[in-house]
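I have placed the structure first, in the form of C-alpha cells, so that the comments after it can refer back to it.
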Amino acid sequence: MSKPTQSNATKKIKLARSGLAIVVLLAFTTVILSAVMQRSESPKQESEIIRLGEVLDFEVVDTPELQRKGLSDRESLAKNKAMLFVFSESGQRCIWMKDMRFSIDIVWLDKSNKIVKIAENVAPETYPDTFCADDADRVLELNAGEAKGLGLTIDGKVSLD
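Position one of the sequence shown corresponds to residue 1 (our numbering), numbered consecutively onward.
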C-alpha cells in the first residue's frame with residue numbers, strides 16, 4: 001500500500017502559513033532592532049529634578065556655630081524634616097557624628113543643585129571619622145533611608161524650593 005499524498009491545496013496552505021510566520025518574525029525583529037538602535041542613538045536626557053522642598057522642611061544652618069552643632073544631642077529628626085548646611089562658597093565639606101544619637105543619610109550638593117556625594121545610613125558609632133565631599137556648598141542631612149526613598153542619586157539634580 002502506498003503512502004497517501006497531500007493534495008496541492010494542502011501543500012499551498014502549509015507553504016502560505018510558513019511564509020506568513022516568516023514575515024511576522026521578520027517584522028517583529030525589525031521593530032525590536034529599530035527600537036534598540038533608536039535608544040542607543042538618542043541623546044541622553046537630563047535626569048529629572050527631584051523637588052525636595054515639596055516633601056521636606058529644611059532647618060537651615062548657615063553659621064559656623066550652628067554647623068558645628070548640627071543634629072548633635074538630639075534624640076531624632078522628625079519625619080519629613082532635614083537639616084541643610086549652607087556655606088558661602090564651594091569647597092571640601094566634612095561632616096562628623098559627634099554626639100549624635102541616630103543614623104542619618106548625608107547628601108552633598110554643588111552650586112547647580114547636583115548631588116556630588118551621598119553617604120547612607122551613617123551611624124553615631126562612626127565618630128570620630130569624618131565624611132567629606134569636594135566642590136560642595138551645601139550639605140543635607142536626612143533620616144537614614146530617606147535618600148534612597150526619595151530616589152536621590154549621585155549626579156541627580158534637586159530643587160530645594
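Idealized CB from N, CA, C, for every residue including glycine.
G91: member of the beta strand (DSSP E) spanning K81 to W96, first to last residue. Judged by DSSP in its simplified three-state form, A147 adopts helix. Distance from the CA of V61 to the CA of Q67, rounded to the nearest whole angstrom, comes to 6 Å. DSSP places R68 inside the alpha helix (DSSP H), whose first and last residues are P64 to K69. Here K81 has D57 as same chain residues with Cβ atoms under 6 Å from its own Cβ, once five neighbours each way along the sequence are excluded. Between E141 and the set A78, S88 and T63, the nearest pair of CA atoms involves A78. Judged by DSSP in its simplified three-state form, K111 adopts coil rather than helix or strand.
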